[in-house]
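Numbering (my numbering), first residue to last: -6 to 287.
Where is the CB? At the ideal position from N, CA and C, for every residue including glycine.
None of the values given here were measured: they were computed from a predicted structure.
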Amino acid sequence: MTPVHIPIPPEFDFEHTLTFLKRSPKELLHRVEGNCVIKAVELNGRPVVFELSVENDRLVISSRNGQFFDDDRSAVVAYVNDWFDLGTNLKPFYTMAGKDDILKPLVKAYHGYRIVGQPDLFESLVWAVLGQQINLAFAYTLKGRFVTTYGRQVHVNNVTHFIFPRPDVVSEIKPEELLALQFSRQKAAYTINIARAFVSGEVSKEKLRGLTLEAAKEELRKIKGVGNWTANYALMKTFRYPDAFPLEDAGLHNALKQQLRLKSKPSLQRVKKIFKNYRGWEAYATLYLWKSLG
DNA sequence: CGCCAGGTTAGAG
DNA sequence: CTCTAACATGGC
């Protein structure tokens, strides 16, 4: 049960992370209790339920379902570093943003806010598909049904923790089963199709690692159901390309509309133009704009 | 009730 | 390359 400690990097505010993690009461893939996050993950093939909090300027990770095995300790540290993007130096972003009229007030208000990632590429793609063209509240409803029906469950002290469904399970689902969960025909087909792409080996995190943003995007877009928005979203949340961002995102457009006090949403051309100023930090610019929507 | 939502595809021009 | 219809349904 010996906890593992991670030093907190500069420019990191755990409160913002917690706020993000609490944004939907329907979220099943982690729990927030007070200032503590609890999450179940598979590490080295074993389910590990860990809890995470801040103590004396360090992140403390401890196991909730028994001891960490030796190789779990480094895996869980790597996981948390990846999940909360602790490795990125935000100073250059803040320097750039401080000179920009749109971002300046945002980076001041949300200093230390970092991108909460999705280390599981399959989860990231499916979650993006669920969120396509519907409101977030409903997307969470769909995800909740999907996760309770097909995800792995880990029971600890009368609490059920869920792990996102795996591609091999999802690839065997019949579309009708998902329609019963109120997926649209399109979402059902895309979800199953993405799972099959993983099972066949056509797509994997390993296969995409190290590619340029454009090359990785091209690979992802070969999957039916993964368009530009979804590919960029996954590349931002899973691979953390600093320059990946969902250009077509409705929320992003609304944030810009609000910040610029426009009557209607900006054109794609205008969004492109604005983001030219954020070169190299598009993902973080998007994060702070999303955050401005509250 | 109407509009919109963290879009994508296929087809036409 | 750009534009459009169809998809499909809850939330506000």
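| Query | Result |
| --- | --- |
| Exposed or buried, which one is Gly59 when buried takes at least 16 other CB atoms within 10 Å? | exposed |
| For Phe77 versus Thr153, is the C-beta spacing smaller than 7 Å? | no |
| Please report the straight-line C-alpha distance between Phe157 and Lys200, rounded to a whole angstrom. | 21 Å |
| Can you give me the start and stop residues for the beta strand (DSSP E) that Ser46 sits inside? | Arg39 to Glu48 |
| How about Ala227 and Leu282: do their beta carbons lie closer than 7 Å? | no |
| Flag this pair as touching only if the stretch 266 to 277 and the stretch 238 to 247 have three or more C-beta atom pairs under 8 Å; answer yes or no. | yes |
| Would you call the CB atoms of Lys230 and Ser117 closer than 7 Å? | yes |
| Quick one: complete alpha helix (DSSP H) runs, 4+ long, within the stretch 220 to 262? | 221 to 230 and 243 to 252 |
| So, are the CB atoms of Ala68 and Leu36 less than 7 Å apart? | yes |
| Check for me: the beta strand (DSSP E) holding His148 runs from which residue to which? | Arg145 to Val149 |
| How many Å lie between Arg178 and Leu172 at the Cα? | 7 Å |
| Does the beta-carbon of Gln126 have 16 or more other beta-carbons within 10 angstroms, so that it is buried, or is it exposed? | exposed |
| Which one or two residues does DSSP pair with Phe155 in a beta bridge? | Gln146 |
| Cα-Cα, which of Gly110, Pro2, Pro0 and Ile31 is closest to Leu280? | Gly110 |
| Identify whether Ser67 lies in helix, strand or coil by the three-state DSSP scheme. | helix |
| Under 7 Å between the Cβ atoms of Glu191 and Pro160? | For the record, residue 191 in the displayed sequence is Phe; it is not Glu. In contact: Phe191 and Pro160 (Cβ atoms closer than 7 Å). |
| Throw me the rounded Cβ distance for the Lys210 and Ala224 pair, which I believe falls under 8 Å. | 5 Å |
| Secondary structure at Lys32, three-state DSSP: helix, strand or coil? | strand |
| Name the residue from Val264, Gly244, His(-2) and Ile(-1) whose alpha carbon lies nearest to the alpha carbon of Leu129. | Gly244 |
| Do Val25 and Lys32 come within 7 Å of each other at the CB atom, strictly closer than that value? | no |
| Between Gln251 and the rest of its own chain, which residues show a CB-CB distance below 8 Å, the 5 nearest in sequence each way excluded? | Ser285 and Leu286 |
| Would you mind stating whether Gly80 and Phe5 have Cβ atoms separated by less than 7 Å? | no |
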